[in-house]
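Have a look at the structure below, then the notes.
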């Protein structure tokens, strides 16, 4: 395997550092993208909450009083 032609002037340790930096940047990018996608507002959950707030509250006559 010839490797990267533009990195032929670097030593093996330097090439390893370049690869490690690239992999770290990729993994960090995927992590932060995923956290933003998961942590965003969930429109479906907001709609469910709004629907549940609009439902009339039925009291159960058999339920004990909370007083």
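In the working numbering, the protein residues as written are 64 to 130.
Every residue, glycine too, gets a C-beta built ideally from N, C-alpha and C.
C-alpha of residue 101 to C-alpha of residue 72: approximately 42 Å in a straight line. When the Cα atoms are used, residue 84 and residue 108 turn out to be separated by approximately 39 Å.
In this model, residue 90 and residue 98 are separated by some 12 Å (Cα to Cα). Residue 76: member of the alpha helix (DSSP H) spanning 75 to 102, first to last residue.
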